[in-house]
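Residue numbers (this note's numbering): 394 to 657.
By construction, the Cβ of each residue, glycine as well, lies at the ideal position given by its N, Cα and C atoms.
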């Protein structure tokens, strides 16, 4: 019989670490055959996605093999090897094909993210969604994890990651999505209430499991990231009755404040 005292760190960390990118779309992702394009599918994202939503159709896109293993590759239904610094190559991705396009912490690494954003929008089907997450401007003012701040490792300040090329404004991105025919339904600071309330538990579990506190553990407390969620409207009332629109209504535990209510 397993000792529950030994099992709790992994269980607590897994519960607290539930990816923010899934929160607004749980009902969409639970449907069999939901087609997902994960732009920047490293860090074992195929395995994480299929762990929670095994019935979705998961397609990855990346410039190479970044922190992916054979299990991740086996779980992908399709893979596009594309260098996003050559956005013209994104024509290989089908138009109006995906129920959900995810682009989390990718755009800040690109030479011209503004050329990529319209291509992401093009891939979203009517009734489908686009999720973008990027470091916020406020991340420039946070402590440096590289300086050993509170034993945190990873990216806490924008400058901690030498591959970051520039900040991506969610307001400017929203303008591009509007021109591409998408409707922005949420933008502003990434925030999950449970990660704030249970921060001591989350941090302790990270220390026990990894020997340090991953920087992402405190992102929601410090406001490291901004998110943008947009939807491509259905073309007609007839199509609406068969659409995918099933994004969860924000609650105090999972809402991301609108830009109008962002903290200064």
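Per DSSP, residue 471 is not a residue of any alpha helix (DSSP H); the beta strand (DSSP E) it occupies stretches across 471-474.
Residue 578 places its beta carbon 8 Å or farther from that of residue 613. By the Cβ-count criterion, residue 528 is buried, with 16 or more other Cβ atoms from all chains shown falling within 10 Å of its own Cβ.
Here residue 510 has 566, 569 as same chain residues with Cβ atoms under 6 Å from its own Cβ, once five neighbours each way along the sequence are excluded. With fewer than 16 other Cβ atoms inside 10 Å of its own Cβ, residue 464 counts as exposed. Listed in chain order, the alpha helix (DSSP H) runs fully inside the stretch 512-578 are 563-572, counting runs of at least 4 residues.
Using a Cβ distance threshold of 8 Å, residue 495 and residue 563 do not count as a contacting pair.
Remark: three or more beta-carbon pairs, one from each stretch, lie closer than 8 Å, so the stretch 500-518 and the stretch 550-559 are flagged as touching. In its chain, beyond the 5 residues on either side, 560 have a beta carbon closer than 7 Å to the beta carbon of residue 530.
Within its own chain, the residues whose Cβ lies closer than 6 Å to the Cβ of residue 428, once the five positions on either side in sequence are excluded, are 450, 491, 492, listed in chain order. For the pair residue 548 and residue 608, the Cα-to-Cα distance works out to about 6 Å. Separation of residue 617 and residue 533 (C-alpha to C-alpha, rounded to the nearest whole angstrom) is 9 Å. By the neighbour-count definition (other C-beta atoms within 10 Å, threshold 16), residue 484 is an exposed residue. If you draw a 10 Å sphere on the C-beta of residue 422, you find 16 or more other C-beta atoms in it, and that means buried. Residue state for residue 409 is assigned as helix, using DSSP reduced to three classes.
Exclusion of the five residues before and after residue 600 leaves 606 as the residues of its chain whose Cβ lies within less than 7 Å of its Cβ. The beta-carbon separation of residue 469 and residue 425, rounded to 17 Å, does not stay under the 8 Å limit for a contact.
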